[in-house]
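Visitor: This note's numbering puts the sequence shown at residues 6 to 207. All C-beta atoms in this analysis are idealised placements derived from N, C-alpha and C, irrespective of residue type, glycine included. One structure follows; several queries about it will come next.
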Amino acid sequence: MTDLDDLPVAGTAVLLRPTPEGFAVLLMRRPDRGSFAGAWVFPGGKVEPSDRREGADESDDARRAAVRETAEEVGLIISDPVLLSRWQPPVEAPIRIRTWFFLASAPDDEPRFSVDEVVDVVWLSPAEALSRHATGEWTLFPPTWVTLHQLGRFSSVDAVLASGGVAQHFSTRVVETPQGRDFEWDGVRLRTGSLPWTIDES
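The structure is reproduced here in structure tokens:
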């Protein structure tokens with residue numbers, strides 16, 4: 006299989022809101038069933054026929070899906086999300102979906118989440134989200150963890166949005182080690198054998 010496997014496609018929205026300390030990110034917890042059961046994730050979902058446009062790039066279809074899913078899942082309307090990253094799943098994944106992540110400044114409205122798809126919604130800093138995962142209070146999947154790790158380098162919403170514009174592509178490889186399972190991308194390895202997770206970047 007290649008990096009251009011014919012896979013289902015999804016769009017995810019990383020919503021940002023200014024705070025006195027810097028900025029917060031919206032995360033929502035999935036029900037204890039279905040995809041990402043019990044995990045904290047960003048709003049998003051698969052591209053549907055209504056998201057597709059003839060002749061459009063895959064990323065544009067995924068952007069429309071991210072906007073639509075954000076409205077459906079947490080009741081927030083976003084516009085002009087900025088391309089952040091593309092995640093190609095490892096061949097070992099039981100369900101393989103190529104997912105595009107987008108950054109967006111959140112509106113002032115409060116979330117109104119769909120109880121069928123979302124258990125809870127919170128705004129908090131990337132550092133706090135990572136801390137909750139490290140203590141075992143939360144479950145994060147690698148794309149969410151890595152995205153939060155990257156966002157932690159910035160001090161404001163404006164700084165995060167200014168860094169976007171070109172997608173970083175992550176083609177995930179699973180590496181089994183004596184300490185457990187690692188996830189590897191070009192120049193990056195996420196060590197997940199124990200908590201807290203650590204990331205090595207070359």
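Any C-beta of chain D sitting closer than 8 Å to the C-beta of residue 110?
Guide: Protein chains in the displayed structure number just one, and chain D is not present.
Visitor: Would you decide whether residue 38 is buried or exposed? Buried here means 16 or more other CB atoms lie within 10 Å of its CB.
Guide: Here the question's residue 38 lines up with position 33 in the sequence shown. Around the Cβ of residue 38, a 10 Å sphere holds fewer than 16 other Cβ atoms; the residue is exposed.
Visitor: Can you check which of these residues, 43, 105, 100 and 93, is closest to residue 72 by C-alpha distance?
Guide: As a first step, residue 72 must be located in the sequence shown, where it is residue number 67. Considering only alpha carbons, the answer is 105.
Visitor: Name, in chain order, the residues that DSSP records as bridge partners for residue 90.
Guide: Mapped onto the sequence shown, residue 90 falls at position 85. The partner list for residue 90 (beta bridge, DSSP) reads 106 and 173.
Visitor: So, for residue 34: in the same chain, excluding its five sequence neighbours on each side, which residues have a beta-carbon less than 6 Å away from its beta-carbon?
Guide: By one-based count along the sequence shown, residue 34 stands at place 29. Answer for residue 34: 45, 124 and 125, listed in chain order.
Visitor: Tell me the residue span of the beta strand (DSSP E) that contains residue 128.
Guide: What you label residue 128 is simply residue 123 of the sequence shown in a count that begins at 1. Where residue 128 is concerned, the enclosing beta strand (DSSP E) stretches over 125-129.
Visitor: So, does the region 112-124 touch the region 175-188, judging by three or more C-beta pairs under 8 Å?
Guide: Between the region 112-124 and the region 175-188, the count of Cβ pairs shorter than 8 Å is below three; the stretches do not touch.
Visitor: Counting only the same chain and skipping the five closest in sequence on each side, list residues whose C-beta sits under 6 Å from that of residue 100.
Guide: Against the sequence shown, residue 100 aligns to sequence position 95. Once the five neighbours on either side are set aside, residue 100 has no close Cβ partner at all.
Visitor: Tell me which same chain residues have a C-beta within less than 6 Å of the C-beta of residue 69, skipping the five on either side of it?
Guide: Translated into the one-based positions of the sequence shown, residue 69 becomes position 64. Here the set comprises 56.
Visitor: Look at residue 19 and residue 144 and say whether their C-beta atoms are less than 8 Å apart.
Guide: If you number the sequence shown from 1, residue 19 lands on position 14. If you number the sequence shown from 1, residue 144 lands on position 139. It is not a contact, given that the beta carbons lie outside the stated cut-off.
Visitor: Alpha carbons only, please: which of 141, 93, 29 and 84 is nearest the one belonging to residue 148?
Guide: The count along the sequence shown starts at 1 and reaches residue 148 at position 143. Checked all of 141, 93, 29 and 84; the closest Cα to residue 148 is 93.
Visitor: Taking just the CA atoms, how far does residue 203 sit from residue 64?
Guide: The sequence position of residue 64 within the sequence shown is 59, counting from 1. The sequence position of residue 203 within the sequence shown is 198, counting from 1. Going by the C-alpha atoms only, they are around 30 Å apart.
Visitor: If you run the structure through DSSP and keep just helix, strand and coil, what is residue 25?
Guide: Here residue 25 is taken as the residue at index 20 of the sequence shown, counted from 1. In this structure, residue 25 counts as coil in the three-state DSSP scheme.
Visitor: Run the CB neighbour count on residue 78, radius 10 Å, all protein chains shown included, and call it buried at 16 or more, exposed below.
Guide: In the sequence shown, counting from the first residue as 1, residue 78 sits at position 73. Residue 78 comes out buried.
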